[in-house]
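Visitor: Submitted below is the structure of interest, expressed as structure tokens.
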Amino acid sequence: MNELGPAATACLVGERNGFRWFHIEDVKGRALDDLAAAYGLHELAVEDCRTPGTRAKLEEYEHHVFLVVNTLHFDSEKCHSWYGEFDIFMGKDFVITVHDGPSRTAAAVRPRFETEVKLAHQARLLHALLRVIVGRYLPVLDTVEERIDQLEDKAYERPSPQLLSEIFATKRALIDFRRVCSTMREAINLLLTRNEPWLRTHQAYFRDIYDQVVRTLDFVDTYRDILTGVLDVYLTATANRTNEIVKVLTIYATLAMPVVLITGYFGMNFRGLPLVENPMGLTIIHSFLVVSTLAVLWFFKRRGWF
2 MNELGPAATA CLVGERNGFR WFHIEDVKGR ALDDLAAAYG LHELAVEDCR
52 TPGTRAKLEE YEHHVFLVVN TLHFDSEKCH SWYGEFDIFM GKDFVITVHD
102 GPSRTAAAVR PRFETEVKLA HQARLLHALL RVIVGRYLPV LDTVEERIDQ
152 LEDKAYERPS PQLLSEIFAT KRALIDFRRV CSTMREAINL LLTRNEPWLR
202 THQAYFRDIY DQVVRTLDFV DTYRDILTGV LDVYLTATAN RTNEIVKVLT
252 IYATLAMPVV LITGYFGMNF RGLPLVENPM GLTIIHSFLV VSTLAVLWFF
302 KRRGWF
């Protein structure tokens with residue numbers, strides 16, 4: 002290992018049981034380059050750290066393993082979802098975590114690193130980091146579930162074009178979550194097959210992480226099915242509303258038909274039309290209009306159409 006520069010030394014979280022933990026929050030800074038030179042980090046892995054939006058994966062290099070994990074985020078008000086990236090380099094005597102900007106994950110584990118005996122091993126430190134990240138998946142999905150409940154209530158009460166946009170936005174979020182969880186499942190599954198002694202002896206802990214990811218995937222699929230049901234409710238409610246409108250318009254149009262027919266007939270400009278010369282003609286025609294309209298209403302009522 003080469004001598005560490007001041008930038009890399011500043012990123013040292015601590016040293017326990019023969020390994021060091023470094024945490025970097027400036028991916029463009031000098032610290033990552035210094036640690037790459039000191040521990041032989043592969044240039045492609047370093048490039049992945051500096052490229053935002055990398056999906057979860059596990060890659061093996063000569064002197065280390067490189068793991069990319071993703072965090073889930075959901076804004077319920079805007080129906081907007083996104084995922085974050087957390088990179089981890091692991092070797093026999095080091096763990097290097099990289100995140101672009103302040104990390105809640107590192108902040109949650111850092112105080113425990115110096116005090117908890119179980120974190121005196123790089124595999125247990127890795128498990129602690131993964132548990133924090135994956136442990137936040139279900140609370141995010143709880144927020145999605147609450148949003149789906151709200152959408153379902155709106156679908157029953159007041160379906161609108163805006164509601165349809167919200168349904169599709171939430172559905173896109175669940176699709177994104179499924180992609181993230183699927184790649185996470187693959188990455189953790191590969192981690193379970195590692196043969197490095199410092200990983201192999203702690204596989205039970207990584208199986209726990211794998212089970213959490215699988216459980217999250219099950220919830221995502223369940224919520225997608227529920228959201229499909231909400232969409233069906235919306236479409237049914239919209240169709241029923243359209244049918245009611247068409248029904249009312251049809252009734253009005255049908256009621257107007259006798260009126261239009263009678264007024265159209267007697268409105269022709271020809272001599273000799275019935276009742277034209279009759280002093281009671283206008284009254285009789287008005288009576289026809291009222292009686293014909295009432296007759297149509299009676300017919301609709303008798304058939305149960307109104």
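If you count by my numbering, then the sequence shown holds residues 2 to 307, one letter each, in order.
For each residue, glycine too, the CB sits at the ideal point set by N, CA and C.
Keep in mind that this is a model prediction, so the values were computed, not measured.
Could you pull the start and end residues of the beta strand (DSSP E) that tyrosine 62 belongs to?
Guide: Per DSSP, tyrosine 62 belongs to no beta strand (DSSP E) and is neither H nor E.
Visitor: Nearest CA to the CA of aspartate 94: which residue from Gln213, Val247, His287 and Glu197?
Guide: The candidate whose alpha carbon is nearest that of aspartate 94 is Glu197.
Visitor: Given that a residue counts as buried once 16 or more other Cβ atoms are within 10 Å of its Cβ, and exposed if not, what is serine 104?
Guide: Answer is buried; the Cβ neighbour count reaches 16.
Visitor: Would you call lysine 155 buried or exposed, if buried means 16 or more other Cβ atoms sit within 10 Å of its Cβ?
Guide: Label assigned to lysine 155: buried.
Visitor: Go to valine 96, then tell me how far its alpha helix (DSSP H) extends in each direction, as first and last residue.
Guide: Where valine 96 is concerned, there is no enclosing alpha helix (DSSP H), although the beta strand (DSSP E) it sits in stretches over 95–99.
Visitor: Just the Cα atoms here: how many angstroms apart are leucine 152 and histidine 287?
Guide: Roughly 52 Å between the two C-alpha positions.
Visitor: Is it buried or exposed, threonine 171, if we count other Cβ atoms within 10 angstroms and call 16 or more buried?
Guide: Burial call: buried.
Visitor: Which one or two residues does DSSP pair with leucine 13 in a beta bridge?
Guide: The partner list for leucine 13 (beta bridge, DSSP) reads Phe23.
Visitor: Measure the alpha-carbon distance for threonine 294 versus glycine 265 and round it to whole angstroms.
Guide: When rounded, the distance between both Cα atoms is 15 Å.
Visitor: On a CA-only basis, which of Phe90, Glu78 and Thr184 is nearest leucine 127? Give me that one, please.
Guide: Nearest C-alpha to leucine 127: Phe90.
Visitor: Thinking C-beta only, is histidine 64 closer than 8 Å to alanine 124?
Guide: Not in contact: alanine 124 and histidine 64 (Cβ atoms no closer than 8 Å).
Visitor: Using beta-carbon positions only, say whether glycine 54 and glutamate 16 come within less than 8 Å of one another.
Guide: No, these two residues do not count as a Cβ contact at 8 Å.
Visitor: Would you call tryptophan 83 buried or exposed, if buried means 16 or more other Cβ atoms sit within 10 Å of its Cβ?
Guide: Looking at its Cβ environment, which holds fewer than 16 other Cβ atoms inside 10 Å, tryptophan 83 is exposed.
Visitor: Checking 8 Å against the spacing of the C-beta atoms, do leucine 256 and valine 181 come in under that value?
Guide: Not a contact, by the Cβ cut-off of 8 Å.
Visitor: Using only the alpha-carbon positions, how far apart do alanine 57 and asparagine 71 sit?
Guide: Looking at the two C-alpha atoms, the distance is approximately 6 Å.
Visitor: Are valine 135 and valine 214 closer than 8 Å when you measure CB to CB?
Guide: Yes, Cβ-Cβ distance for valine 135 and valine 214 is below 8 Å.
Visitor: Comparing C-alpha positions only, which one of Leu228, Phe23 and Pro280 sits nearest to isoleucine 149?
Guide: It is Leu228.
Visitor: Find the nearest neighbour of glycine 6 within the set Phe20, Ala37 and Trp22, judged by alpha-carbon distance.
Guide: Nearest option by C-alpha distance: Ala37.
Visitor: Can you pull the DSSP bridge partners for glutamate 86?
Guide: Note: glutamate 86 sits in a beta bridge opposite Asn71.
Visitor: By Cβ distance, which residues of its chain are closer than 6 Å to phenylalanine 289, with the 5 residues on each side in sequence left out?
Guide: Here the set comprises Ile263.
Visitor: Are the Cβ atoms of arginine 13 and phenylalanine 20 separated by less than 8 Å?
Guide: Looking at the sequence shown, residue 13 is not arginine but leucine. Against a cut-off of 8 Å, the Cβ pair of phenylalanine 20 and leucine 13 comes out as no contact.
Visitor: Considering only the alpha carbon of each residue, which of Cys50, Thr52, Gly41 and Glu78 lies closest to tyrosine 62?
Guide: Looking at the Cα atoms, Gly41 is the closest of the given residues.
Visitor: Looking only at its chain, what residues have a beta carbon closer than 7 Å to the beta carbon of isoleucine 189, apart from the 5 residues adjacent to it on each side?
Guide: Around isoleucine 189: Phe207, Ile210, Tyr211 and Val214.
Visitor: Could you compute how far the alpha carbon of leucine 68 sits from the alpha carbon of leucine 59?
Guide: Their Cα atoms are separated by approximately 5 Å.
Visitor: Distance check for glutamate 147 and proline 140, CA to CA, integer angstroms please.
Guide: Rounded to whole angstroms, proline 140 to glutamate 147 spans 11 Å at the Cα level.
Visitor: Which same chain residues, not among the five before or five after leucine 164, have their C-beta less than 8 Å away from its C-beta?
Guide: So the list reads Leu152, Lys155, Ala156 and Tyr235, once near-sequence residues are dropped.
Visitor: Once the 5 residues before and after valine 291 are set aside, which same chain residues still bring their CB inside 7 Å of it?
Guide: Excluding sequence neighbours, valine 291 sits near nothing in its chain.
Visitor: Measuring only the C-alpha atoms, how far is alanine 46 from arginine 132?
Guide: Distance between the alpha carbons of alanine 46 and arginine 132 is about 23 Å.
Visitor: Classify histidine 81 as helix, strand or coil using the three-state DSSP reduction.
Guide: Strand, per DSSP.
Visitor: Considering only DSSP beta bridges, list what aspartate 1 is partnered with.
Guide: An answer regarding residue 1 cannot be provided, because it is not within the stretch 2 to 307 covered by the chain.
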